[in-house]
Structure formats: C-alpha cells, structure tokens
Amino acid sequence: MPAKLPQRAFKAAKFSKDAKKANISDAELCEAIRQVMAGQADELGGGVFKKRLNNNMHRSIVLAKGGRYWVYEYLFAKNVRENIEDDELIAFRLLAKSYAGLTELQVEHLVSDQHFVEICHDDKAQV
C-alpha cells in the first residue's frame, strides 16, 4: 500500500486579512477543512468547494484539486451576497487546477513570500 500523501491547508493572503476582520480563527478554519475533506461542503466541481463559516454568517471558497493542498481562497458575508457568479466559478476552477500542479518547492515559496499562510498540516494546526 502506498504511503498517504500529507494534506496541507492554507489561506491565501487576502483571505487571511478578510478572515481576521470577520473574527474567524485558524482553529475554526482547520476544523472546517476537516469537514470539507469529509464531504461536508458544497462541491462546485473542478476542485472548488463552498463551506459555511462563522456560525453560518460567512461563506468560503476552498480550492483543492488532487486532495493534497487545500486553499481558502475567497471569503464573503452571507448578508452581502448569496453566491459567486458563473465567471468567478470558472476562474476558481482554473486556479484550483494550477494549485494542483504546484511542487513542494513552489508551495514553500508561496509560504515564504506570504502569498499563502499555512494553517494545518495533516491533523495538526500550525502555531
């Protein structure tokens, strides 16, 4: 049996700022990612998922293709907009596909350049 690849979760830089403003903690994001991995999210196809956060006050768009990297990409308040537009979904699918092709070195560069903030690695939250 092949070894299981590690699962890592990140938040994009803009998402990180928006989550901080919305008072959404990394611990909540890690728990929500575990739920997404377990199928408890709206799957929008092409590696794009919509997950409710913050007691259902916010929606997040999570990108994951290949199940190795999970990236919180976009956050919006439920009372501001109902959903994303079709053209946004297409763009998110393309972005998910590009994230799926990232090498470990490219991911480390995204983290060191602060484009990604790692929040969970397997079942462990980052500190």
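Its first residue numbered 0, the sequence shown is counted upward by one per residue in numbering that gives the first Met the number 0.
Every residue, glycine too, gets a C-beta built ideally from N, C-alpha and C.
Keep in mind that this is a model prediction, so the values were computed, not measured.
For L62 versus A95, is the C-beta distance shorter than 7 Å?
The residue given as residue 62 occupies position 63 in the sequence shown. The residue given as residue 95 occupies position 96 in the sequence shown. Yes.
Count the other CB atoms within 10 Å of the CB of R80; is the residue buried (16 or more) or exposed (fewer)?
Taking the sequence shown and counting its residues from 1, one reaches residue 80 at position 81. So R80 ends up on the exposed side.
Could you pull the DSSP bridge partners for D41 from this structure?
One-based indexing of the sequence shown puts residue 41 at position 42. Looking at the DSSP assignment, D41 forms a beta bridge with K49.
Mind reading off the beta-carbon distance from K10 to Y71? Whole number of angstroms is fine, and I expect it under 8 Å.
The residue labelled residue 10 in the question sits at position 11 within the sequence shown. The residue labelled residue 71 in the question sits at position 72 within the sequence shown. Sure, about 4 Å apart at Cβ, within 8 Å.
Using a Cβ-Cβ cutoff of less than 8 Å, which residues in the same chain neighbour F91 once the five nearest sequence positions on both sides are dropped?
Residue 91 sits at position 92 when you count from the first residue of the sequence shown. So the list reads L43, G45, V47, I60, L62, E72, Y73 and I83, once near-sequence residues are dropped.
When burial is assigned at 16 or more other CB atoms within 10 Å of the CB, is I32 buried or exposed?
For the purposes of this step, residue 32 is taken as residue 33 along the sequence shown, with counting starting at 1. Per the 10 Å Cβ criterion, buried.
Where D17 falls, given that 16 or more other Cβ within 10 Å makes a residue buried
By one-based count along the sequence shown, residue 17 stands at place 18. Under this definition D17 is a buried residue.
Thinking just about the alpha-carbon of each residue, which of N78, Q6 and S15 is nearest to the one in Q113?
What you label residue 113 is simply residue 114 of the sequence shown in a count that begins at 1. Comparing Cα positions, the closest option is S15.
With distance defined between alpha-carbon atoms, name the residue in K20, S24, K50 and A21 nearest to Q34.
Within the sequence shown, residue 34 is the residue found at index 35, counting from 1. Ranking K20, S24, K50 and A21 by Cα distance to Q34 puts K50 first.
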